[in-house]
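A quick write-up on the structure given underneath.
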Amino acid sequence: GAVVSQHPSRVICKSGTSVKIECRSLDFQATTMFWYRQFPKQSLMLMATSNEGSKATYEQGVEKDKFLINHASLTLSTLTVTSAHPEDSSFYICSARTGMNTEAFFGQGTRLTVV
Amino acid sequence: GNSVTQMEGPVTLSEEAFLTINCTYTATGYPSLFWYVQYPGEGLQLLLKATKADDKGSNKGFEATYRKETTSFHLEKGSVQVSDSAVYFCALRGSNFGNEKLTFGTGTRLTIIP
Chain A
1 GAVVSQHPSR VICKSGTSVK IECRSLDFQA TTMFWYRQFP KQSLMLMATS NEGSKATYEQ
61 GVEKDKFLIN HASLTLSTLT VTSAHPEDSS FYICSARTGM NTEAFFGQGT RLTVV
Chain B
1001 GNSVTQMEGP VTLSEEAFLT INCTYTATGY PSLFWYVQYP GEGLQLLLKA TKADDKGSNK
1061 GFEATYRKET TSFHLEKGSV QVSDSAVYFC ALRGSNFGNE KLTFGTGTRL TIIP
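As you go down the protein sequences, you meet chains A and B in turn. As numbered in our numbering, residues 1 to 115 make up the first sequence, in order. As numbered in our numbering, residues 1001 to 1114 make up the second sequence, in order.
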């Protein structure tokens, strides 16, 4: 299957700093990428959907100014957590697909810890 | 809105035991149903899927049948192996235009002991 690489796999940052997480499709062009957040013992919650070259669509309750998403190319999307706080600590997962109703491939996730 | 209710874990079984992980859903229209698996340290991988009622998805000895009458998509395997230890997620994708997002269950951690 297609490969989606997410980097870094783990990151620890101080409160008030910003952290960037990258999601790359290694062997296919991803017209759409998704960003999820997963709390312990809870399901993956969709944060936003991004289509290449356009602004991301955020789910209700997700602060777009806090979670900046950029999908500048067909192989790269980034999620920047701005002014991070301890409550932003979580597991963030991206997925990518080539088109509507096609299979979505997932990255391995990023464990963010804000101290 | 769409929702997925999944059997809570963790589930611990002995090797060669029979596995069932229950999954029920709520959705409008005719969603597609999926099981994803997440092995330690890896991303989610599609295990199997079914796109319409009575379809049976199967892969690696796992099976699940799309039951519209009971709104269920239970995952089964006749004889589990240690290598099946992972977290399993049931998910659905809406069928209506503009509602094609994946909705996940909470995940079930499965541990198989030799």
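Every residue, glycine too, gets a C-beta built ideally from N, C-alpha and C.
Step through the CB atoms of chain A and report whether any lies within less than 9 angstroms of the CB of residue i.
i: B:K1101; result: yes
i: B:Y1036; result: yes
i: B:V1011; result: no
i: B:T1106; result: yes
i: B:L1046; result: yes
i: B:F1089; result: yes
i: B:G1029; result: no
i: B:E1042; result: yes
i: B:Q1006; result: yes
With burial defined as no fewer than 16 other Cβ atoms inside 10 Å of the residue's Cβ, what is the status of residue i: buried or exposed?
i: A:R24; result: buried
i: B:Y1030; result: exposed
i: A:H85; result: exposed
i: A:F39; result: exposed
i: A:T83; result: Going by the sequence as given, residue 83 of chain A is Ser instead of Thr. Looking at its Cβ environment, which holds fewer than 16 other Cβ atoms inside 10 Å, A:S83 is exposed.
i: A:I12; result: exposed
i: A:S9; result: exposed
i: B:A1053; result: exposed
Is the Cβ of residue i closer than 9 angstroms to any Cβ of chain B?
i: A:V11; result: no
i: A:A84; result: no
i: A:A72; result: no
i: A:F34; result: yes
i: A:A143; result: With chain A covering only 1 through 115, there is no way to say anything about residue 143 of chain A.
i: A:I69; result: no
i: A:Y64; result: One point to set straight first is that residue 64 of chain A is Lys, not Tyr, in the sequence displayed. Output row for A:K64: interface = no.
i: A:S43; result: yes
i: A:A104; result: yes
i: A:I21; result: no
i: A:M100; result: yes
i: A:T75; result: no
i: A:L46; result: yes
i: A:G107; result: yes
Given a cut-off of 9 angstroms, decide if residue j and residue i are closer than it, judged by their beta-carbon atoms.
i: B:L1103; j: B:A1091; result: A quick correction: the sequence has Thr, not Leu, at residue 1103 of chain B. The answer is yes: Cβ separation under 9 angstroms.
i: B:A1064; j: B:L1048; result: yes
i: B:G1078; j: B:G1061; result: yes
i: B:E1076; j: B:L1019; result: yes
i: B:Q1038; j: B:I1021; result: no
i: B:T1071; j: B:Y1036; result: no
i: A:V115; j: A:S43; result: no
i: A:K55; j: A:D88; result: no
i: B:C1023; j: B:G1094; result: no
Could you say if the region 89 to 96 of chain A and the region 28 to 38 of chain A meet the contact criterion of at least three C-beta pairs nearer than 8 angstroms? The region 89 to 96 of chain A and the region 28 to 38 of chain A touch, with no fewer than 3 CB-CB distances between them shorter than 8 angstroms.
Return the chain-ordered ranges of every alpha helix (DSSP H) run that is complete within the region 11 to 47 of chain A and spans a minimum of 4 residues. Those alpha helix (DSSP H) runs which fall completely within the region 11 to 47 of chain A and span 4+ residues do not exist here.
Three or more C-beta pairs under 8 angstroms: does that hold for the region 1012 to 1027 of chain B against the region 1101 to 1112 of chain B? At 8 angstroms Cβ cutoff, the stretches touch.
Let me know the beta strand (DSSP E) ranges lying completely inside the region 1038 to 1112 of chain B, each 3 residues or longer, listed in chain order. Runs of the beta strand (DSSP E) spanning 3 or more residues and lying entirely within the region 1038 to 1112 of chain B occur at 1044 to 1050, 1056 to 1059, 1062 to 1065, 1075 to 1077, 1086 to 1093 and 1102 to 1104, in chain order.
contact_flag[the region 73 to 82 of chain A, the region 10 to 26 of chain A] where n(CB pairs < 8 angstroms) is 3 or more: By the criterion of at least three beta-carbon pairs nearer than 8 angstroms, the region 73 to 82 of chain A is in contact with the region 10 to 26 of chain A.
When you compare the region 2 to 10 of chain A with the region 47 to 54 of chain A, are there three or more beta-carbon pairs, one atom per stretch, that lie closer than 8 angstroms? Contact between the region 2 to 10 of chain A and the region 47 to 54 of chain A is absent, because fewer than three Cβ pairs lie under 8 angstroms.
Inside the region 46 to 70 of chain A only - alpha helix (DSSP H) runs reaching at least 4 residues: Considered as a whole, the region 46 to 70 of chain A harbours no complete run of any alpha helix (DSSP H) with no fewer than 4 residues.
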